[in-house]
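The structure under discussion appears below in the form of structure tokens.
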Amino acid sequence: MSEPISSPPFDWRDFAFRVLRHWYWIALSVASFLVLAWLYLRYAVPLYQVSATILIQSEKNQRTVTEAYIAEKLGLETNFEIEDEIQLLKSRTLMRRVVDSLQLHVQYFSEGRVKISEIYATPEQPLAIQLRYILPEKQAYGMALRIEPIPGEPDYFACSLPSGDTLHARFGLPFTVGKMTCCIDRNDSLFHLSGLPHIIRLSAPDAIAQGYAAAVSVQQIGNSNVLAISLIGPVPEKATAILNTLMEMYAQSVIEDKNKVGLQTLRFIDERLRFVAEELYGVEKAVETFKRSRNLPVDLSVQAQSFLAEIAEQDRQLAELDLRERLLDSIALSFASDSALLTLLPVASEIISGELAVQVRQYNETVLRRRHLLESATAENPALRTSLRQLAQLRQSILVSVGNLKRETAHRRQQLLQRLQPLENQMALMPRNERELLQIMRQQQIKENLFLFLLQRREETALSVAAQVSNSRIIDRAANLGQIAPKRLQTLLFATLAGLLLPLLFLYARVLWRNTVDSEADLKQVSSLPFLGSVATERKSKKTPIVVRPNSRSAVAEMFRLLRTNLQFILADEPSPIVLITSGVSGEGKTFLSANLGVAMALSGKRTVVVGLDLRKPKLANYFGEKKDSKGLTQYLIGQASAAEIVHPTDIAENLAYIPSGPLPPNPAELILNGKLEGLFQYLRQYFDSILVDTAPLGLVTDALLLMPYVSATICVVRAGKTDKNLIYLIDQFYQEGKLKRPAFVLNGVKKGRGYGYGYGYGYGYGYYQE
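The opening residue of the sequence shown carries number -9 in this note's numbering; numbering runs sequentially from there.
In structure tokens, the structure reads:
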């Protein structure tokens, strides 16, 4: 005995035949998907990508060689400059300025038959209507007004309100919407020429700014300081205006940040100027009063003037040291509290220089970066934590430098006072009036020099503020790179592939998960038993289930003739063979096969009898026509009829007879085992050349197995598309166990024209013959 058949591999050839048979479903699927793709392309909102490039110049390039050297030695350089500028460009605060500049919180839409499209005003293509104002504006956030032209009245329009009401208003004149006053202008006759309703939608500027800030993409190009800025949106003109304005607002904000340090310095200088001016005014009044009270000449003596000129340089240096001390005190006072970490420090490079000037400048730059990060980043942002750590380090470094510079200033003051001591002694020898006047005029000179020094520094600082330029330079202004979605070619290609794959996957799943026998190939894959042939499905309009008749030229009749021939090869020259015809379950066509094969055998000249041994659900009499009061197999088995009495001739063929089942017995298996069948088969062998036995399905009951001692061969009927493969495994197992004698399969119910490799499905031509 051979080994059981294992699960067969997937039959790709059979799958290809199935695909070819269902080509029209595949074509319909592809056509349906292409129609859906066309509708999607027709009505989907297109998205365009707009891009621009900007160069960010590093602040390091704007430092002197000395400042750069000191910053490097102090470890004050930072690697976060480009990243910080990227965060600034994507910040909500900067985008809010763009929204306010372009009035992006007021959106305009054109309403079509199917979709609503956003529109944007450009110099080349102005809007048909425009909202002049709506007051108070904040109450209108989230509201939409539908504006529709009124036929025959070009100066009026119909406005649909959110409440569902509609009012008529005139262009250019205010009208009331709830508790708000609104005014809408139109651009000549463009609104009426379009003939389409328009929608004006107002949103909160912060929400719009947040949305655009999230949509803007900023990428560094390589390791350079060039940034690529892009924005994707449905209106390319609007996206272009947003990017161009964003770069302009960025440049303006950089200049404002730089001016903040200069303005802080100007405030310090202005405070000192006011104080020095008051002191200078007081000294001048004192000189005038002293001369008038003592009746002194207007001008000093030559000796006194020479002395005053000699002492002026030391007094000037002392005044500058005094100014430096006040600036150092101001810087130290700025760090009085922790909140001062976001306070800008005054910078006067002419007053302080060296390490402290570099530290203050670096401190101010870090404060500005931290302010921008706070506008767009969360508290957990690593850059924020890094900037806070840098500010704390710079604060300590600045305080140390302030202390050092104070000690240096005090030492320098002491040196100058020592140089002045001889001159002070000489002045003590002068006459009293001249000495006192000289002291007053000396203070006047000190205040004048300090005032002029501060005034000069103020002008220089003001010029520096006015001459500030941005550290950015626009390389390429915003330009539309084209539509990126939906992509027409890719969409159509995807639709075509989807239209092909969906039915293919359905067919594949259907084949993969099916567990029925559909073809000869399926049958041969799951069993090694012989295959006799196939029988096609006959039209149900036939009045009789007998399809094989004399002179019959139908395809189904030829199939039964082929089965007859193949069966003869199996039986060889065995005299009066008994062929058992069964199936796995009921309804697979075993009785149909028994009756028509019997007719085919009889038409070949063989005396043939068909025995109805299906005692549980007999149907053989329906094929040959059971006569009233005719006796059947049941009567013979219980001893109420002889063998000759139960054999009935038929009108279909001269050599054909049949034995009906008779009444349904309560115990079919016991009747088969009572021993009388052996005598019946001996009787039939005497008078017939072929004996066909139609019995019960072997997958349900044991009747067929009980008949094995009497039969010469077994035909197992399999119905295409219905018989489960597990039944084939069961039949094969019965054969392996020796319970079936010379079994062979017949495939019933095959549809005509199915491509399984044999003509009509059967491998022979159209030749017919007459019997």
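The beta-carbon is built from N, C-alpha and C at its ideal position, and this holds for glycine as well.
Would you decide whether residue i is buried or exposed? Buried here means 16 or more other CB atoms lie within 10 Å of its CB.
| i | result |
| --- | --- |
| V390 | exposed |
| E355 | buried |
| F0 | exposed |
| R744 | Here the model assigns R744 a pLDDT of 47, short of 50, so the residue's position is not dependable, and the following value carries that caveat. Buried, by the Cβ-count rule. |
| Y353 | buried |
| H188 | buried |
| S283 | exposed |
| H362 | buried |
| G579 | buried |
| Y30 | exposed |
| V35 | exposed |
| F735 | buried |
| V357 | buried |
| D604 | buried |
| F550 | buried |
| L487 | exposed |
| G132 | exposed |
If I'm right that residue i touches residue j with Cβ under 8 Å, what's the distance once you round it to whole angstroms?
| i | j | result |
| --- | --- | --- |
| V208 | L217 | 6 Å |
| L737 | A710 | 6 Å |
| L42 | R467 | Sequence inspection shows Ala at residue 42; the Leu mentioned does not correspond to that position. The Cβ separation is near 6 Å, so the contact holds. |
| L682 | G588 | 5 Å |
| A703 | K731 | 7 Å |
| V525 | L610 | About 17 Å separates the two Cβ atoms, so there is no contact after all. |
| R257 | I174 | The pair is not a contact, with the Cβ atoms about 47 Å apart (cut-off 8 Å). |
| Q435 | A302 | 6 Å |
Thinking C-alpha only, which one of the options is nearest residue i?
| i | options | result |
| --- | --- | --- |
| E127 | Q200, M170 and V569 | M170 |
| N234 | Y146, L92, A130 and D4 | L92 |
| L323 | E449, G393 and A6 | G393 |
| K437 | R264, Y673, A485 and R385 | R264 |
| I474 | A631, P224 and F23 | P224 |
| H638 | A659, G629, F678 and L661 | F678 |
| L26 | R478, R500, S632 and Q625 | R478 |
| D4 | L720, A545, D512 and S680 | D512 |
| Q120 | E370, L192, G577 and A276 | L192 |
Spell out the partners DSSP gives residue i in its beta bridges.
| i | result |
| --- | --- |
| G252 | Answer is none; G252 lacks a bridge partner. |
| Y123 | C173 |
| Q93 | For Q93, which the question treats as bridged, DSSP gives no partner whatsoever. |
| D684 | I571 and G602 |
| D466 | T43 |
| N738 | V525 and R709 |
| F147 | P139 and A159 |
| K209 | Looking at the sequence shown, residue 209 is not Lys but Gln. Per DSSP, A218. |
| F99 | E108 and I189 |
| F165 | C172 |
Could you give the distance in angstroms between the alpha-carbon of residue i and the alpha-carbon of residue j?
| i | j | result |
| --- | --- | --- |
| Y756 | L561 | Summary for Y756: the model assigns pLDDT 33, below 50, so the residue's position carries little reliability; its value from the coordinates is reported in the next sentence. Spanning the two alpha carbons is a distance of roughly 26 Å. |
| S542 | I536 | 11 Å |
| N716 | N505 | 8 Å |
| N586 | E727 | 31 Å |
| D312 | K80 | 45 Å |
| L163 | P116 | 20 Å |
| F671 | L663 | 14 Å |
| E62 | I46 | Low local confidence applies: a pLDDT of 49 at E62 is under 50, so the model's placement there is unreliable, and no value is given. |
| Y59 | Q405 | Confidence in Y59 is poor, its pLDDT being 45 and thus under 50, which makes the residue's placement unreliable; the coordinate value appears in the next sentence. Roughly 30 Å between the two C-alpha positions. |
| Q242 | S462 | 10 Å |
| T451 | I245 | 14 Å |
| I388 | Q129 | 50 Å |
| I219 | L94 | 19 Å |
| D714 | L494 | 23 Å |
| D161 | L135 | Here the sequence assigns Phe to residue 161, which means Asp is not the residue at that position. Whole-angstrom Cα-Cα distance: 14 Å. |
| A643 | T598 | 10 Å |
| T640 | L646 | 6 Å |
| L84 | P152 | 32 Å |
| N439 | R316 | 17 Å |
| R763 | Q254 | With the chain represented from -9 up to 761, any question about residue 763 goes unanswered, as that position is not in the structure. |
| F614 | K621 | 14 Å |
| A485 | A17 | 12 Å |
| P144 | V88 | 35 Å |
| S22 | L492 | 11 Å |
| K617 | S19 | 55 Å |
| A805 | W13 | The structure shown has nothing for residue 805, since the chain only spans -9 to 761. |
| S107 | I137 | 14 Å |
May I ask whether a heavy atom of the ligand ZN can be found less than 8 Å away from the beta carbon of residue i?
| i | result |
| --- | --- |
| W2 | Among the ligands in the structure shown, none appear at all, so the ligand ZN cannot be discussed. |
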